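Colleague: This is the structure I want to talk about, given as structure tokens.
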Amino acid sequence: MTVPTPAAPPSGAEPALEVENLSVDLNTASGTVRAVDGISFAVRKGVTLALLGESGCGKSMTALAVAGLLDPVAEVAEGAVRVGGTDVLRLGRAERKRLAGPVLSIVFQDALTALNPVQTVGAQLGEPFRIHQGLSRRKAREKAVELMRTVGIPEPRARARSYPHQFSGGMRQRLLIAMAVALGPDVLIADEPTTALDVTVQAQIMQLLADLQAEHDMAVVLITHDLAVVAERADNVAVMYAGTVVETGPVHEVFAAPGHPYTRGLLDSVPENVDRGQRLRSVPGSPPELTAIPAGCVFQARCPMARDRCAEERPALTPAGPSRAAACHFSEELASA
Amino acid sequence: MTATPQDPGPTAQDPGPAPQDPGPAPQDPAAAPRPAPRPARWWTLLGGDRFAAAAAVVLGLVLTAALLGPVLLGDAAERQDLRASLRPPSLDHGVLGLLGTDVLGRSMLARLIDAAGTTLSVALPAVVCSLVIGSAIGMWAGYHGGLRESAAMRVADVILSFPSLLLAVVALYVFTPSVANLVLILAITRIPVYLRTARAEAAELRSRLFVDAARTFGAGSGATIYRHILPITLPTLLTVATVDFSFVMLTESSLSFLGIGIQPPDVSWGLMVAQGRQYLQTAWWIAVLPGVAIVITTVSATIIAAWARLATDPAQRWRLTAPRARRARANRGETPS
Chain A
225 MTVPTPAAPP SGAEPALEVE NLSVDLNTAS GTVRAVDGIS FAVRKGVTLA
275 LLGESGCGKS MTALAVAGLL DPVAEVAEGA VRVGGTDVLR LGRAERKRLA
325 GPVLSIVFQD ALTALNPVQT VGAQLGEPFR IHQGLSRRKA REKAVELMRT
375 VGIPEPRARA RSYPHQFSGG MRQRLLIAMA VALGPDVLIA DEPTTALDVT
425 VQAQIMQLLA DLQAEHDMAV VLITHDLAVV AERADNVAVM YAGTVVETGP
475 VHEVFAAPGH PYTRGLLDSV PENVDRGQRL RSVPGSPPEL TAIPAGCVFQ
525 ARCPMARDRC AEERPALTPA GPSRAAACHF SEELASA
Chain B
3 MTATPQDPGP TAQDPGPAPQ DPGPAPQDPA AAPRPAPRPA RWWTLLGGDR
53 FAAAAAVVLG LVLTAALLGP VLLGDAAERQ DLRASLRPPS LDHGVLGLLG
103 TDVLGRSMLA RLIDAAGTTL SVALPAVVCS LVIGSAIGMW AGYHGGLRES
153 AAMRVADVIL SFPSLLLAVV ALYVFTPSVA NLVLILAITR IPVYLRTARA
203 EAAELRSRLF VDAARTFGAG SGATIYRHIL PITLPTLLTV ATVDFSFVML
253 TESSLSFLGI GIQPPDVSWG LMVAQGRQYL QTAWWIAVLP GVAIVITTVS
303 ATIIAAWARL ATDPAQRWRL TAPRARRARA NRGETPS
């Protein structure tokens, strides 16, 4: 099984989404900080890439940058986001609008706030069709009912007249997914789509996403902090820490033999790996403040194997093997340990 | 209540539970009708609130009187009869004498109906103009923010920095006091009220996730304002408008009172109050009756506004359709089952 590395896809297979050296600056009251620092990844159609990391590591910022929703709190400092070969960051407003929906779309985390509380869901799901295909209200509504059926909402015709608050959390997330896939996008960004849901509903939603991905042959960027979801649903993974990608590769390889101490730390802190009565393991410390990113390796303060070199030189994301890369000076040492 | 006649209540053996017997009967219809899938029609909602229904009837009567009055009454409002001067309200002098006569022997009833038309033809256009212009600019400014917002707000501040009555007085001294000028000047002075409200709401809604979601599938700014911001802002704006309706009516009265508003022989409620002032001790009805008309109309408008707020909010609408028992329970702070 040859899974191409997200960092450097093999020639021939054009990636549906390619992010190259993307940096995002966050404008805060105390000055500008870099929330995302030169990250790169690529996803082909039909493949799921998981962006994994703890809160505040820049996962969602990356998603917003790709979706073009950063304004006004942050801005893209440098880099390119290529969707089907065109750099969406360089596009004008009108062209960007044309791509939004049929080519690139996003599923948000909080389904209640992402739906308009005073519009019936039928009207809301019909909106993409009215904007992009110029359908009449009635026809858009028909399409919306159809969509609700595909995402598994019972009695879609009657439910189309309901308002978002009349749906359960799982159903709302289904509606949101329906809205995102309405126009059959090539790239779907799912920003923690199951975080607000309980476990059984989580599994259903992930299954729904997988089914829709197969149906539309979409490239999916799955943003999450849930290792189990990554292990089950993603093909490739990019582990993020403090705004940088510290390790990439196929999920099963990375999880089997992590090439970065942070990945190792994350995997070790999964409670399943601990016997009853033992202390739960965790990565000590907390991520660096974005205003005070250290000069060397971003992870040095929490790293069990930090040495002098780590404080001086920032490790680049260097390929390790045919499809993997890690940003650590000592990844070989870690792999052999 | 209906069960009591069938209940042989005062039997000696079992007086205790008998009064409780009809208890469950009125609750039965409360449980029986399942919430209909089709949203309730507005007249059903209006029927659910007795005060609102009464207010609607009053407003309907005022409107009908204003529209049909001149046709039905002919010149009754101008017909003078000095022998019938200053008659108090009584049943002795036919329909036209019902509410008494003024100093020239003109029928108060006819004059009130005639004045209703004039008053509404000033207040309604003024409110509608300022509502439409003010909210359109306000939502546009609030949604876009930045320079456009600052510009709109500073213009509003300039208008607000003059007391609106003073502005009207100055303008109406300079220009001829006609109905059109009166409407124009009242509309301009009231625009900032809507502008500021609409801007505040739009600025808050702009950062809501469903607006971002609309942007992710390519909704333009106009469509976003129309579909997502307007429906949420409208109830607030309409409430402001009804309160403002009263304010405009009173301002028109003040201006007419000062002699620069409606000019005789036209008559408005405010002008009638002004003219009746000097007879207040001898013929109270000349000033009091038009005052009562102003109060009743404004109170009705306010009640309707409160009702419209509930009726247009999908999450609150059940309060109007729920049976009374449940509503009383909910008003006591318990959540609906």
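For the record, the sequence lines run as chains A and B. Residues in the first sequence are numbered from 225 upward in steps of one, following my numbering. Residues in the second sequence are numbered from 3 upward in steps of one, following my numbering. Ideal Cβ placement from N, Cα and C applies to all residues, glycine included. The structure displayed is predicted, hence computed values, not measured ones.
Give the residues from the segment 194 to 213 of chain B that approach chain A closer than 8 Å (Cβ to any Cβ), ordered along the chain.
Modeller: If the cut-off is 8 Å between Cβ atoms, the segment 194 to 213 of chain B has R210, L211, F212 near chain A.
Colleague: Any Cβ of chain B within less than 8 Å of the Cβ of R322 of chain A?
Modeller: Chain B, which has a Cβ nearer than 8 Å to the Cβ of R322 of chain A, makes this yes.
Colleague: Applying the criterion that 16 or more other CB atoms from any shown protein chain within 10 Å of the CB defines a buried residue, is Q431 of chain A buried or exposed?
Modeller: By the neighbour-count rule (16 or more Cβ atoms within 10 Å), Q431 of chain A is not buried but exposed.
Colleague: Could you name the residues that DSSP lists as bridge partners for F265 of chain A?
Modeller: In the DSSP output, where bridge partners are listed per residue, F265 of chain A has A:V243.
Colleague: Per DSSP, V248 of chain A is paired with what?
Modeller: Per DSSP, A:V260, A:V300.
Colleague: Are the C-beta of A154 of chain B and some C-beta of chain A separated by less than 8 Å?
Modeller: For A154 of chain B, the answer is no, since every Cβ of chain A falls outside 8 Å of its Cβ.
Colleague: Go through its chain and collect everything with a Cβ distance to L241 of chain A's Cβ below 6 Å, but skip five positions before and after it.
Modeller: Excluding residues within five positions, the ones whose Cβ falls inside 6 Å are V267, V307, V411, A443.
Colleague: Look up Y486 of chain A in the DSSP assignment and say whether it is helix, strand or coil.
Modeller: Of the three classes helix, strand and coil, the one that applies to Y486 of chain A here is helix, per DSSP.
Colleague: Reducing DSSP to helix, strand and coil, say where P194 of chain B ends up.
Modeller: In the structure shown, P194 of chain B sits in a helix (DSSP, three-state: H, G or I).
Colleague: Taking the alpha-carbon of A173 of chain B as reference, which of B:L65, B:L74, B:L257 has the nearest alpha-carbon?
Modeller: Minimum Cα distance to A173 of chain B is reached at B:L257.
Colleague: Could you check the C-alpha separation between R548 of chain A and A481 of chain A for me, to the nearest Å?
Modeller: The straight-line gap from Cα to Cα measures roughly 11 Å.
Colleague: Cβ of T244 of chain B within 8 Å of Cβ of A303 of chain B?
Modeller: The answer is yes: Cβ separation under 8 Å.
Colleague: Among the residues of its own chain, which have a CB less than 8 Å from the CB of R113 of chain B, if the five just before and after it don't count?
Modeller: Same-chain partners within the cutoff: A79, D104, V269, M274.
Colleague: Please report whether the beta-carbon of D23 of chain B lies at a distance below 8 Å from any beta-carbon of chain A.
Modeller: Bear in mind that a pLDDT of 40 at D23 of chain B, under 50, signals an unreliable position, so the number given afterwards is only what the model happens to contain. Cβ-Cβ to chain A under 8 Å: no for D23 of chain B.
Colleague: Alpha carbon to alpha carbon, how far is T323 of chain B from R36 of chain B? Give it in angstroms, no decimals.
Modeller: Residue confidence is low: R36 of chain B scores 43 on pLDDT, short of 50, so the model does not pin down where it sits. Its coordinate-derived value is still stated next. If I take the Cα positions, the gap works out to 11 Å.
Colleague: Could you name the residues of the segment 287 to 317 of chain A whose beta carbon sits closer than 8 Å to any beta carbon of chain D, in the order they occur along the chain?
Modeller: Reference to chain D is not applicable here, since the protein chains of this structure are A and B.
Colleague: Let me know the secondary structure DSSP gives R317 of chain A once reduced to three states.
Modeller: Helix.
Colleague: At least one CB of chain B closer than 8 Å to the CB of V248 of chain A: is that the case?
Modeller: It does not: the Cβ of V248 of chain A has no partner Cβ on chain B nearer than 8 Å.
Colleague: Which residues in chain B have a C-beta closer than 9 Å to the C-beta of A338 of chain A? List them in chain order.
Modeller: Chain B residues near A338 of chain A: R210, L211, F212, D214, A215.
Colleague: Could you tell me whether the segment 183 to 198 of chain B touches the segment 130 to 146 of chain B, using the rule of 3 or more Cβ pairs below 8 Å?
Modeller: Contact between the segment 183 to 198 of chain B and the segment 130 to 146 of chain B is present, because at least three Cβ pairs lie under 8 Å.
Colleague: Give me, in chain order, the residues of the same chain whose beta-carbon lies closer than 8 Å to that of V475 of chain A; leave out the 5 immediate sequence neighbours on both sides.
Modeller: Cβ neighbours of V475 of chain A beyond the five flanking positions: A274, V454, A455, A458, D459, N460, V461.
Colleague: Beta-carbon within less than 6 Å of A544 of chain A's beta-carbon, same chain only, minus the 5 sequence neighbours each way: which residues are those?
Modeller: Cβ within range, chain order: G483, A550, S555.
Colleague: Quick one: list the residues of chain B neighbouring F332 of chain A, beta-carbon separation under 8 Å, in chain order.
Modeller: Those within 8 Å of F332 of chain A in chain B are L211, D214, A215.
Colleague: In the DSSP output, which residue or residues are listed as bridge partners for E203 of chain B?
Modeller: DSSP output for E203 of chain B lists no bridge partner at all.
Colleague: Does R229 of chain B come within less than 8 Å of chain A when only Cβ atoms are used?
Modeller: Closer than 8 Å: yes.
Colleague: M464 of chain A by DSSP, collapsed to three states: which one?
Modeller: Three-state DSSP puts M464 of chain A in a strand.
Colleague: Counting along the chain, where does the alpha helix (DSSP H) carrying I429 of chain A start and finish?
Modeller: Residues 423 to 440.
Colleague: Could you give the distance in angstroms between the alpha-carbon of D334 of chain A and the alpha-carbon of G393 of chain A?
Modeller: When rounded, the distance between both Cα atoms is 9 Å.
Colleague: Is the distance from the Cβ of R208 of chain B to the Cβ of G144 of chain B below 8 Å?
Modeller: Taking 8 Å as the Cβ cut-off, R208 of chain B and G144 of chain B qualify as a contacting pair.
Colleague: Run through the segment 58 to 100 of chain B for me and flag every whole alpha helix (DSSP H) of 4 or more residues, listed as ranges in chain order.
Modeller: Fully enclosed alpha helix (DSSP H) runs of 4 or longer: not present.
Colleague: For the candidate residues A:E439, A:A384, A:Y465, whose alpha-carbon lies nearest to that of V522 of chain A?
Modeller: The shortest C-alpha separation from V522 of chain A is found at A:Y465.
Colleague: Can you find the residues in the same chain that come closer than 7 Å, C-beta to C-beta, to P239 of chain A, ignoring five residues on each side of it along the sequence?
Modeller: Taken in chain order, the residues that qualify are P233, A266, V267, R268.
Colleague: Please confirm whether L246 of chain A and A291 of chain A have their CB atoms less than 8 Å apart.
Modeller: Going by C-beta atoms, L246 of chain A is not nearer than 8 Å to A291 of chain A.
Colleague: Helix, strand or coil for D246 of chain B, going by three-state DSSP, please let me know.
Modeller: Three-state DSSP puts D246 of chain B in a helix.
Colleague: Looking at chain A, is there any beta carbon in it that lies within less than 8 Å of the beta carbon of G224 of chain B?
Modeller: Chain A, which has no Cβ nearer than 8 Å to the Cβ of G224 of chain B, makes this no.
Colleague: Grouping DSSP H, G and I as helix and E and B as strand, with all else coil, what is G358 of chain A?
Modeller: Residue state, collapsed to three classes: coil.
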